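Asker: The letter at position 28 of the sequence shown is residue 28 when you use the numbering used here, and the numbering goes up by one with no holes.
Sharing a structure with you now.
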Amino acid sequence: MLVRSVKSSDVKEWLRMRNNLWPNSVEDNPDEITQYFEQSSDNHSRVFVAEKEPGTLVGFLELSIRSYAEGCLQGSIPYIEGWYVDAGYRRKGIGAMLVANAESWAVSCGYRQIASDTETSNQVSISAHKNLGYLEVDKIVCFKKDL
Numbered sequence: 001m002l003v004r005s006v007k008s009s010d011v012k013e014w015l016r017m018r019n020n021l022w023p024n025s026v027e028d029n030p031d032e033i034t035q036y037f038e039q040s041s042d043n044h045s046r047v048f049v050a051e052k053e054p055g056t057l058v059g060f061l062e063l064s065i066r067s068y069a070e071g072c073l074q075g076s077i078p079y080i081e082g083w084y085v086d087a088g089y090r091r092k093g094i095g096a097m098l099v100a101n102a103e104s105w106a107v108s109c110g111y112r113q114i115a116s117d118t119e120t121s122n123q124v125s126i127s128a129h130k131n132l133g134y135l136e137v138d139k140i141v142c143f144k145k146d147l
């Protein structure tokens, strides 16, 4: 298994996995991928993929730089926006490899912390984060009002 930065030739596989992770955003996913490659030199985001064999991806991790993250000290924080491994490849260390790659990149850029989030009901993700040394720092309730 190879973990590496995403390439433009990975668009089809990356889109497939994004659609699995975010099924309510299927319409937005192609535009966000296009935008990533158009702005990839801006250093504000990174995408790492897990490649089983050439052309076959089984996981990805999207990392952005946020100006704030709950519980973090710095102003700019690498933030795991999305983390996904295909169902048949879970619990094999691939997710951990993706996170380790993101953390190594963040350290190489001089960052001292990294952050992430998940829904409060997603016990699998909460356990995965904790198993990789992430500390729970906050829980929030989100609100909306139609006007």
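Don't be surprised by glycine CBs; every beta carbon is placed ideally from N, CA and C.
In this text the structure is predicted, and so the values were computed from the model without any measurement.
Roughly how many angstroms lie between the CA atoms of G132 and I126, to the nearest whole one?
Answerer: The sequence given here has Leu at residue 132, not Gly. Approximately 10 Å between the Cα atoms of the pair.
Asker: Go through the region 52-110 residue by residue and report every complete run of the beta strand (DSSP E) that reaches 3 residues or more, in order.
Answerer: 56-66, 77-85
Asker: Give the range of the alpha helix (DSSP H) segment to which V11 is assigned.
Answerer: 11-21
Asker: Please state the DSSP three-state secondary structure of V3.
Answerer: strand
Asker: By DSSP, does V137 sit in helix, in strand, or in coil?
Answerer: Under the three-state reduction of DSSP, V137 is assigned to coil, being neither helix nor strand.
Asker: Cβ of L21 within 8 Å of Cβ of Y79?
Answerer: Cβ distance not < 8 Å, so L21 and Y79 don't count as in contact.
Asker: So what's V26 in DSSP terms, helix, strand or just coil?
Answerer: coil
Asker: Put F143 into one of helix, strand or coil per three-state DSSP.
Answerer: coil
Asker: Taking the alpha-carbon of M17 as reference, which of G75, L73, G88 has the nearest alpha-carbon?
Answerer: G88
Asker: State whether the region 92-99 contacts the region 24-40, with contact taken as three or more CB pairs (one from each stretch) at a distance under 8 Å.
Answerer: Under the three-pair Cβ rule at 8 Å, the region 92-99 does not count as touching the region 24-40.
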